[in-house]
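Here the structure comes first, spelled out in structure tokens, and everything after it is commentary.
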Amino acid sequence: MAIENPAGVRQAAAMIHLDANASTPLRTEVLEAMLPWLRDGFANPSGTYAAAKLARQAIEQARAQVAQWLGAQPEEIVFTSGGTESVNTALHALDVQAGPGPALVSAIEHSAVLRYAEALPRGVRLAPVNAGGRLELAAFAENLAGAAFVSVMAANNETGVIQPLREVCAMAREQGLAVHTDAVQVMGKLPLQVCELGVDMLSLSAHKFHGPKGVGALYVRSGLRFSPLLLGGGQEGGRRSGTENTAGIVGMGVAASIMCQQAALDNHAALRLLRDAFEAKLLDELAGVTVNGDLPHRLPNTSHLSFDGCDAAGLLILLDEAGIACSAGSACMSGQQRPSHVQMAMGMDGTRAKSSLRFSFSTLNTMDEALAAAVMVKRAVEKLRRVQGPGVGPVQVYCV
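Counting from 1124, one number per residue, gives the positions in the sequence shown under the working numbering.
This is the structure:
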């Protein structure tokens, strides 16, 4: 029996969505490009008849669009079911091809990296970050000795802190080590060209930049030895078996193309204006607010804040009722509140961690929404503080 609640869906869509790091709304242009392939273009792209060939052409066009956005060659792009599969595929390939030694990853990686690396028989070595959530390059250099390969995210999903990826790649290259980066959170928020970074593999996910869920991609540098994770029919040039999701891939290609065009119009600066206006209003009108993370090195759309005297879970409820969609990141897991591994790696104490929320903007947000959201957050914090009692400190801005 189908679950139908169109009114509820519309009501949810009417909220001010400040959780773009979790997912973004599907662009109208993307949906329109996908619809013919959902309705009529159902042919298997591996077929030899006309309809199948059209599906194949659509996939190859999308591959070229994603490649152009990344500054890569089309043959270097492998389509997957999303960010997690891309990450797992990359780590599998590196594990099979690398020599002895542990995998070297940062302590703040997404769970898709950490869980897979921890499951490898070769073991994993965690590179520490500083209190601002940025990789400690001196410690990273020491940890390179004896490592087999490297995986460091381009920017953290919770704090938005950007990692020194160019330096990481240069240091790893000196040791002859391959580098994978989880770039899921960076795409569409900062310009990124694989040829400038020097990475060997890069993972991305369409629904983080206004594309559909259930489709992602993996950049694999030309000439890199590669062992597929999924075996079967040999699709994607033998690098990822399984019938391709034509509609999803088409949508990803269109979303990438739009982002490529917006980058030329400096959409990143527009995101920063929204985020900074939101933070400035809160810091000006509300005491006991801490901006977390290395401030000069943050994604332009991400604001990770702690509110003295407040419980994040309670704030989320009040903000949801007020029409604000945001997130506590990974701080609240399985119904019990505890600092996430990211917050622990940054040395954040439990009280501060449990009072933290993440607000993340997309290119579809407006300045009116940013300012209205700040007002609603202020009201929710003040209401919760009245209920929970004293404990409000002075305004703080943490910077490294």
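We put the CB at the ideal spot given by N, CA and C, even for glycine.
| query | result |
| --- | --- |
| Per DSSP, the bridge partner or partners of F1430 | V1412 |
| Same chain, Cβ closer than 8 Å to C1383, five either side skipped, listed in chain order | Q1188, Q1191, W1192 |
| D1305, DSSP secondary structure in three states | strand |
| Member of F1263, H1420, V1338, M1138 whose CA lies at the smallest distance from the CA of M1294 | F1263 |
| Sequence-distant residues of its chain with Cβ nearer than 6 Å to E1232 (five each side left out) | M1276 |
| Alpha-carbon to alpha-carbon, H1333 and G1361 | 28 Å |
| C-beta atoms of H1391 and R1257 nearer than 8 Å | no |
| Contacting residues, own chain, Cβ-Cβ under 6 Å from R1150 (five flanking each side not counted) | H1333 |
| Local conformation of F1202 per DSSP, three classes | strand |
| Exposure of Y1172, with buried meaning 16 or more beta-carbon neighbours within 10 Å | exposed |
| CB contact flag (G1254, S1483, <8 Å) | According to the sequence displayed, residue 1254 carries Ala and not Gly. Not a contact, by the Cβ cut-off of 8 Å. |
| Classification of L1526 by the beta-carbon crowding that lies within 10 angstroms, buried from 16 upward | Because the chain spans 1124 through 1523 in this model, residue 1526 falls outside it and cannot be assessed. |
| Exposure of R1186, with buried meaning 16 or more beta-carbon neighbours within 10 Å | buried |
| Complete alpha helix (DSSP H) runs within the segment 1467-1496 (minimum length 4 residues, chain order) | 1473-1477 |
| Best match in V1377, E1199, A1156, A1270 for proximity to A1226 [C-alpha to C-alpha] | A1270 |
| Span separating the alpha-carbon of G1416 from that of T1282 | 6 Å |
| Cutoff 7 Å; reference E1152; Cβ partners in own chain excluding five residues on either side | V1377, I1381 |
| Distance between A1145 and P1423 (C-alpha atoms, nearest Å) | 15 Å |
| As assigned by DSSP and simplified to three states, the class of H1333 | coil |
| Rounded C-alpha distance that separates N1167 from K1176 | 9 Å |
| Coarse secondary structure for S1457, derived from DSSP in three states | Caution is warranted here: a pLDDT of 35 is assigned to S1457, below 50, making its placement in the model unreliable, and no coordinate value can be reported. |
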